[in-house]
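Line order of the protein sequences matches chains A and B. full-length UniProt numbering applies: residue 1 is where the first sequence begins, and numbers increase by one. full-length UniProt numbering applies: residue 1 is where the second sequence begins, and numbers increase by one. Built from N, CA and C at the ideal position, the CB exists for glycine as well.
There are 2 protein chains.
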Amino acid sequence: MLRRIINAQGTRTAASTHFYPAALKDAVNLSSACGSRGSKIQEPAGPKVVTAVPGPKTKALLKELNEIQRVLVNRPALGVYPGKDWPQKMRDVLLAVAPPGLDMVSTMMCGACSNENAYKSAFILYQTKKRCGKLEFTEEEVKSVAINMPPGAPHLAVLSFNGAFHGRTLASLATTRSKAIQKLDFPSFDWPVAPFPHYKYPLDQFCNENKKEDERCLAIVCELIEKWEKKQHPVAAVVIEPIQSEGGDNEASSEFFQKLQEICIAKGISLIMDEVQTGGGPTGKMWCHEYFDLPTPPDMVTFSKKMMTGGYYFKRELRPPQPFRIFNTWMGDPSKIVLLERVLEVMKRDNLLNLVLETGQHFKCGLHQVEKEFPNMIHSVRGRGTLLAFTACSPQLRDKIIVNLKKCGVMGGACGPAAVRLRPALIFEKKHADIYLDILRTVLKSLK
Amino acid sequence: MLRRIINAQGTRTAASTHFYPAALKDAVNLSSACGSRGSKIQEPAGPKVVTAVPGPKTKALLKELNEIQRVLVNRPALGVYPGKDWPQKMRDVLLAVAPPGLDMVSTMMCGACSNENAYKSAFILYQTKKRCGKLEFTEEEVKSVAINMPPGAPHLAVLSFNGAFHGRTLASLATTRSKAIQKLDFPSFDWPVAPFPHYKYPLDQFCNENKKEDERCLAIVCELIEKWEKKQHPVAAVVIEPIQSEGGDNEASSEFFQKLQEICIAKGISLIMDEVQTGGGPTGKMWCHEYFDLPTPPDMVTFSKKMMTGGYYFKRELRPPQPFRIFNTWMGDPSKIVLLERVLEVMKRDNLLNLVLETGQHFKCGLHQVEKEFPNMIHSVRGRGTLLAFTACSPQLRDKIIVNLKKCGVMGGACGPAAVRLRPALIFEKKHADIYLDILRTVLKSLK
């Protein structure tokens, strides 16, 4: 097993040199270290160079990679080398399920660093546009950045929404706006926060109210963008979840997202769709934002969790104009692509997105039935696919529901002030939904 | 292979519930999804609870975990569950090689997020001390943090050194001070930067000069701490590499590190040793800072790269007083501990730390010989174990040396303005060093 993982991590490079005494990389170290030093290993007597470096095979692969993920091409001598099959894997696995219209992808370690790097890409694009595509930096920029000051380290902002969760590293945390305890005691950035629509349910009975709520929130987005522009701290990116998960499984209308995108395009701001929770199938589509009928794709879509690896898809214009600007040692983990490949295979083989839609419809109907039976206890059943939720009439009741579900062997997730979120596996069937609904009824009866 | 990885990632929890219809976590999803839906799977008819939740086994394991890594205990219902063997693995693998005096560890995804979380731990400790250990937050703190403002999001700083590299997520990047291109266009924090000692070589001929250099740098550290204190933006942590790698393989004396620690202790500042490059054996000790004879361990030691997983060791007082404050979904990757376990086994079996010391001594002698032979081309041979470097007489010459080494099949790493760093594997032997030295001689002759 060990060796297969190591190979998947990219031990073999396509370089035409056969021996690297000075800089055997970690993966090779490990691979070699696993054989006993005493045993006869087929070790060449010294380096042997059979072509110019880089060799023709490397060049061909680099060219291929450049089409997919420019950043990998520019790894430094001591970084981790992309494996020979990496471009192919990126195409067959990650790009095969890319959101429509996005054909570039960069892998990362987790959701937080995927968002951090998406923000960085947006900052680079914003500043590059500002200098009209010029690739040189001024002496003042280079000098000031060494002490973390503008103009080299400019005052740029990312706008996020109340209730948002985008991670816990300090910059991603600056856009996270769910629980105070996640943010307290940490220095942060002066970045704007807009309200996320708060809808009345059932949606079809409150069309006008909810439309007004959309308009209210979007007007504040515009005000904030202008306010930050005026204080010379412009917004370079807007980041938003298609369904706010941690913040309470809050959904917004397709119209809201369409208009938000319009605002971003008008202002030259990158729109980042954070699909860390929603991506990978639980809504019945691979990417939740596919429901929104956006006239053009979002500029970036970040992912993690169900996708096994962190990363983000992006538009070509977001490729940094210089190498090494979006980079880290690991840049994701090829071993996780092996897992993802198998997951996607099974999703396709068993038509799991369809199952999610069928189960989801059945499950949501069932939940609507339960909310009718217990109108003073739960309400606002919502969600897409099997990514469903309902709200309890008080935070205390919500907590009791979760404790009692657990006692019956059912895990229920708390989110927002009083919501219970459902996050079943993609293989969840109607019969499982029925078991959940029965137990939920029992629990609610016992708490009456 | 797939199933074994999945198990290593912690599919099985010790909870006494056998069925989680509502919240099967990703790992379980995958495991189940790999079986065909059509085939007869032994699936229970519904949840079956055989003890109270959490059950006695879970309680015993949580107690065990609490001793090692409090943060894992507090995972939310929808997070990734620690596997049954996780506490044992942490003890047998990560804690077995902990730096002397540090008995707490938290795993993370990569070097950058290890540093980010170490900074967060330092901020929490600093603020907790400020409120005299009180666990409650004021209403003003809770309100202000929602808009990223003090006092909830206080102005706190991390001091780092010129030439430092601590990662590229925005907060770790604020402490990175090597190349401008890594930092340009990104908003940053107003954090202080001190000079890192710049020594004259050979060290034994410039004792007085280098001692004065230490004193100069330490005096500026003190000045900066006071300056930031005065502008009510106090330094909560100092982060430093035992040997600055990216910045040019710059080393500092044991006395420098001892006095730096003294300053930190006197000022109530956490000292973070960033061993992402140096940790895991290349210096001939597991942790490079072990060379410094510090009277008490550094408060935190961060790691990644050779350790296969990111993470940091820390003192008990740095455990956050409330749960969930240092947390993310993945919190590292148990599959990497499996790799690390094997690496450590082989390191022990083949006595690789000793090999590093022997090879390193031989290699360094050889490099000293080469610098004597080519005094107008290279100088300042330095380093510990096989983590060695030399400086070329100009950046242009350095670049030529690296290109020509590569043509001869040898990878050479550029670092700092004109240095060449050596990063051989732990299994590198004297005969490999000799091959390198021969080729280096050939290259230098050809460039004369």
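Using 10 angstroms around the beta-carbon of residue 295 of chain B, count the other beta-carbons present and answer buried if the total reaches 16, otherwise exposed. Position 295 of the second sequence, counted from the start, is the residue given in the question as residue 295 of chain B. Residue environment for residue 295 of chain B: exposed (fewer than 16 other C-beta atoms within 10 angstroms of its C-beta).
Since residue 196 of chain B and residue 162 of chain B should fall inside the 8 Å C-beta cutoff, what is the C-beta to C-beta distance between them, to a whole number of angstroms? Along the second sequence, one-based indexing puts residue 196 of chain B at 196. Along the second sequence, one-based indexing puts residue 162 of chain B at 162. A Cβ-Cβ separation of about 5 Å places residue 196 of chain B in contact with residue 162 of chain B under the 8 Å criterion.
Measure the C-alpha to C-alpha separation of residue 156 of chain A and residue 89 of chain B and round it to an integer number of angstroms. As a position in the first sequence, residue 156 of chain A is number 156, starting the count at 1. As a position in the second sequence, residue 89 of chain B is number 89, starting the count at 1. Between residue 156 of chain A and residue 89 of chain B, the C-alpha separation is close to 43 Å.
Beta-carbon proximity of residue 337 of chain B to residue 93 of chain B, cut-off 7 Å: To locate residue 337 of chain B, count along the second sequence from 1; it is residue 337. To locate residue 93 of chain B, count along the second sequence from 1; it is residue 93. It is a contact, given that the beta carbons lie within the stated cut-off.
For residue 116 of chain A and chain B, any beta-carbon pair shorter than 7 Å? As a first step, residue 116 of chain A must be located in the first sequence, where it is residue number 116. Closer than 7 Å to some Cβ of chain B, the Cβ of residue 116 of chain A qualifies, so yes.
Within 7 Å of any Cβ in chain A, is that where the Cβ of residue 31 of chain B sits? Stepping through the second sequence from its first residue, residue 31 of chain B is reached at position 31. Its pLDDT being 35, under 50, residue 31 of chain B is placed unreliably in this model, and the value from its coordinates should be taken loosely. Cβ-Cβ to chain A under 7 Å: no for residue 31 of chain B.
How do the stretch 297-316 of chain B and the stretch 104-123 of chain B stand: do at least 3 beta-carbon pairs fall below 8 Å, yes or no? Inter-segment contact for the stretch 297-316 of chain B and the stretch 104-123 of chain B is present: three or more beta-carbon pairs are separated by less than 8 Å.
Taking only three categories from DSSP, how would you classify residue 274 of chain A? For the purposes of this step, residue 274 of chain A is taken as residue 274 along the first sequence, with counting starting at 1. In this structure, residue 274 of chain A counts as strand in the three-state DSSP scheme.
Would you mind stating whether residue 174 of chain A and residue 115 of chain B have Cβ atoms separated by less than 7 Å? Within the first sequence, the letter at position 174 stands for residue 174 of chain A. Within the second sequence, the letter at position 115 stands for residue 115 of chain B. No, they are not a contact pair.
Would you mind telling me which residues of chain B sit closer than 8 Å to residue 177 of chain A, beta carbon to beta carbon, in chain order? For the purposes of this step, residue 177 of chain A is identified with residue 177 of the first sequence, where counting begins at 1. Going along chain B in sequence order, the residues near residue 177 of chain A (Cβ under 8 Å) are 146.
In this structure, how does DSSP classify residue 106 of chain B when only helix, strand and coil are distinguished? The count along the second sequence starts at 1 and reaches residue 106 of chain B at position 106. In the three-state DSSP reduction, residue 106 of chain B falls in the strand class (E or B).
Chain B contact residues for residue 191 of chain A, given Cβ-Cβ distances below 8 Å: Locating residue 191 of chain A in the first sequence gives position 191, where the first residue counts as 1. Chain B residues near residue 191 of chain A: 148.
Should residue 219 of chain A be labelled buried (16 or more other beta-carbon atoms within 10 Å of its own) or exposed? Indexing the first sequence from 1 puts residue 219 of chain A at position 219. With fewer than 16 other Cβ atoms within 10 Å, it is exposed.
At which residues does the alpha helix (DSSP H) containing residue 240 of chain B begin and terminate? Indexing the second sequence from 1 puts residue 240 of chain B at position 240. Not the alpha helix (DSSP H): residue 240 of chain B falls in the beta strand (DSSP E), residues 235-240.
Go ahead and label residue 60 of chain A buried or exposed: buried means 16 or more other beta carbons lie within 10 angstroms of its beta carbon, across all protein chains shown. Numbered from its first residue, the first sequence carries residue 60 of chain A at position 60. Within 10 angstroms of the beta-carbon of residue 60 of chain A lie fewer than 16 other beta-carbons, which makes it exposed.
Using a 10 Å radius around the Cβ and a threshold of 16 neighbouring Cβ atoms, would you call residue 194 of chain A buried or exposed? Translated into the one-based positions of the first sequence, residue 194 of chain A becomes position 194. With 16 or more other CB atoms across the displayed protein chains lying within 10 angstroms of its CB, residue 194 of chain A is buried.
Straight-line Cα distance separating residue 382 of chain A from residue 248 of chain A: In the first sequence, residue 248 of chain A corresponds to position 248, counting from 1. In the first sequence, residue 382 of chain A corresponds to position 382, counting from 1. Approximately 11 Å, taken between the alpha carbons.
Considering only their Cβ atoms, is the gap separating residue 417 of chain A from residue 99 of chain A smaller than 7 Å? For this step, residue 99 of chain A is matched to residue 99 along the first sequence. For this step, residue 417 of chain A is matched to residue 417 along the first sequence. No, Cβ-Cβ distance for residue 99 of chain A and residue 417 of chain A is not below 7 Å.
When the Cβ atoms of the stretch 131-138 of chain A are set against those of the stretch 246-260 of chain A, are three or more pairs found closer than 8 Å? The answer is no - the stretch 246-260 of chain A does not touch the stretch 131-138 of chain A, with fewer than three Cβ pairs under 8 Å.
Specify whether the stretch 138-147 of chain A and the stretch 331-350 of chain A touch according to this definition: at least 3 beta carbon pairs, one from each stretch, less than 8 Å apart. Counting Cβ pairs under 8 Å, fewer than three are found: no touch.
Residue 266 of chain A beta carbon less than 7 Å from that of residue 126 of chain A: Locating residue 126 of chain A in the first sequence gives position 126, counting from the first residue. Locating residue 266 of chain A in the first sequence gives position 266, counting from the first residue. Contact flag unset, no.
Using a Cβ-Cβ cutoff of 8 Å, what residues of the stretch 401-420 of chain A are near chain B? List them in chain order. Correct list: 402, 405, 406, 407, 408, 409, 410, 411, 412, 413 and 414.
Between which two residues does the beta strand (DSSP E) carrying residue 300 of chain B extend? In the second sequence, counting from the first residue as 1, residue 300 of chain B sits at position 300. From DSSP, the beta strand (DSSP E) with residue 300 of chain B extends over 300-303.
Would you kindly report the start and end of the unbroken beta strand (DSSP E) that includes residue 314 of chain A? Here the question's residue 314 of chain A lines up with position 314 in the first sequence. Note, residue 314 of chain A: beta strand (DSSP E), 310-314.
Straight-line Cα distance separating residue 385 of chain B from residue 360 of chain B: Here residue 360 of chain B is taken as the residue at index 360 of the second sequence, counted from 1. Here residue 385 of chain B is taken as the residue at index 385 of the second sequence, counted from 1. So the alpha carbons of these two residues sit roughly 4 Å apart.
Taking the alpha-carbon positions, what's the residue 18 of chain A to residue 423 of chain B distance? The count along the first sequence starts at 1 and reaches residue 18 of chain A at position 18. The count along the second sequence starts at 1 and reaches residue 423 of chain B at position 423. Because residue 18 of chain A sits at a pLDDT of 29, beneath the cut-off of 50, its placement in the model cannot be relied upon, and the point is left open.
So for residue 409 of chain B, helix, strand or coil by DSSP? In the second sequence, counting from the first residue as 1, residue 409 of chain B sits at position 409. Secondary structure at residue 409 of chain B: coil, using DSSP grouped into helix, strand and coil.
Whole-Å CB distance - residue 357 of chain B paired with residue 284 of chain B, under 8 Å assumed: In the second sequence, counting from the first residue as 1, residue 357 of chain B sits at position 357. In the second sequence, counting from the first residue as 1, residue 284 of chain B sits at position 284. That belief holds up - the Cβ atoms of residue 357 of chain B and residue 284 of chain B are roughly 4 Å apart, short of 8 Å.
By DSSP, does residue 384 of chain A sit in helix, in strand, or in coil? Mapped onto the first sequence, residue 384 of chain A falls at position 384. Secondary structure at residue 384 of chain A: strand, using DSSP grouped into helix, strand and coil.
If you count every other CB in all the chains shown that lies within 10 Å of the CB of residue 432 of chain B, and 16 or more means buried, which is it? Numbered from 1 along the second sequence, position 432 holds the residue referred to as residue 432 of chain B. Classification for residue 432 of chain B: buried.
If I measure Cβ to Cβ from residue 259 of chain A and keep anything under 8 Å in the same chain, skipping five residues before and after, which residues do I get? Position 259 of the first sequence, counted from the first residue, corresponds to residue 259 of chain A. Result list for residue 259 of chain A: 214 and 218, in chain order.
Give, in chain order, every residue of the stretch 124-139 of chain A whose Cβ lies closer than 7 Å to some Cβ of chain B. Using a CB distance below 7 Å, the part of the stretch 124-139 of chain A facing chain B consists of 124, 127 and 137, ordered along the chain.
Determine the contact status of residue 300 of chain B and residue 146 of chain B, defining contact as a CB-CB distance below 7 Å. What you label residue 300 of chain B is simply residue 300 of the second sequence in a count that begins at 1. What you label residue 146 of chain B is simply residue 146 of the second sequence in a count that begins at 1. Annotated as distal: residue 300 of chain B and residue 146 of chain B, with beta-carbon spacing of 7 Å or more.
Would residue 45 of chain A be called buried (16 or more neighbouring beta carbons within 10 Å of its own) or exposed? Residue 45 of chain A sits at position 45 when you count from the first residue of the first sequence. Answer is exposed; the Cβ neighbour count stays below 16.
Going by DSSP, which residues form a beta bridge with residue 379 of chain A? Position 379 of the first sequence, counting from 1, holds the residue named residue 379 of chain A. Under DSSP, residue 379 of chain A shares a beta bridge with A:391.
How is residue 53 of chain A classed by DSSP in three states: helix, strand or coil? Looking up residue 53 of chain A in the first sequence gives position 53. The DSSP-derived three-state label of residue 53 of chain A is coil.
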